[in-house]
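In our numbering, the protein residues as written are 75 to 311.
A virtual CB, placed ideally from N, CA and C, is assigned to each residue, including glycine.
This report concerns only the one structure given below.
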Ligand SMILES: [Fe+2]
Ligand SMILES: [Fe+2]
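Right under this line is the structure:
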């Protein structure tokens, strides 16, 4: 299965392309399996978004931005497409979180937080029957790790730095940017400049500094991306 670990995104180094990839073969999976998996990922992402009207096209924006960041980081088109798919699927585990908790307007109790913090693990479990999605550092692992923090204070496993799969470090930035800029019933979304500043300020704590560097390099593309004009819903070239 595709390996998206280590390489240039670790603490203190920004070497670029990740070694240990699929060597262009992606574990022997052909373009047809990848296309079908991509369509499935997009469908399931829409299902998650449809469950919560506040999310609108959240999964698609996360997918699109994750793919762009993966390409900016130097991953191959196929590796980037898997990161993009993980963007579609990152919150699939939320279908296992009760509505009363997911849609609760007020603060969550410690027990309710425990349920919410299960969604990355649950998401990986839901996806693992699909061969294209499973294996070490695969889409399953990216989904499992998308709430890990670079400083080790994330969940569910408290992974730190390069122990977090690169794809998950990428999806984490895309997810945060999307969540910050989207309107919610209880607040307006941040403007683009404020959200960019927030991401930049969290480099090294929440986010991989190298991924944040990639994010800043593609900053000029963000307005079009947020307007849905950057080929959303389409596979990466
Ligand atoms: Fe999540
Ligand atoms: Fe897509």
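Whole angstroms are fine: how far does the CA of residue j sit from the CA of residue i?
i	j	result
residue 69	residue 291	With the chain running from 75 to 311 in the structure shown, residue 69 is simply not present.
residue 232	residue 135	26 Å
residue 126	residue 170	13 Å
residue 278	residue 120	31 Å
residue 184	residue 153	37 Å
residue 114	residue 124	15 Å
residue 206	residue 111	7 Å
residue 192	residue 214	14 Å
residue 261	residue 255	10 Å
residue 267	residue 118	31 Å
residue 180	residue 301	30 Å
residue 296	residue 151	20 Å
residue 294	residue 142	12 Å
residue 122	residue 239	23 Å
residue 281	residue 167	22 Å
residue 257	residue 226	29 Å
residue 276	residue 147	18 Å
residue 274	residue 298	20 Å
residue 263	residue 129	12 Å
residue 228	residue 106	35 Å
residue 210	residue 177	33 Å
For residue i and residue j, which I take to be in contact (beta-carbon distance under 8 Å), what is that distance rounded to the nearest angstrom?
i	j	result
residue 158	residue 133	Wrong, their Cβ atoms sit about 11 Å apart, outside the cutoff.
residue 235	residue 224	6 Å
residue 197	residue 165	7 Å
residue 317	residue 252	Missing from the structure shown is residue 317; the chain here goes from 75 to 311 and no further.
residue 186	residue 175	5 Å
residue 325	residue 172	Nothing about residue 325 can be reported from this structure: the residues present for the chain run from 75 to 311 only.
residue 216	residue 160	4 Å
Under 7 Å from any heavy atom of ligand 3, does the C-beta of residue i make it?
i	result
residue 185	Judged by which ligands are present, ligand 3 is missing from the structure shown, whose ligands are ligand 1 and ligand 2.
Going by other Cβ atoms of all chains shown within 10 Å of its Cβ, with 16 needed for buried, is residue i buried or exposed?
i	result
residue 182	exposed
residue 212	buried
residue 116	buried
residue 243	buried
residue 269	buried
residue 312	Residue coverage of the chain in this structure runs from 75 to 311, which leaves residue 312 outside it and unanswerable.
residue 222	buried
residue 194	buried
residue 104	exposed
Enumerated in chain order, which unbroken segments of the alpha helix (DSSP H) with a length of 4 residues or greater are wholly contained in the region 179–231?
Residue ranges of uninterrupted alpha helix (DSSP H) with 4 or more members, entirely inside the region 179–231 and ordered along the chain, are 184–190, 193–201 and 213–218.
If contact is defined by three or more beta carbon pairs under 8 Å, each pair taking one atom from either stretch, is the region 234–247 in contact with the region 274–288?
yes
Go through the region 97–171 residue by residue and report every complete run of the beta strand (DSSP E) that reaches 3 residues or more, in order.
none
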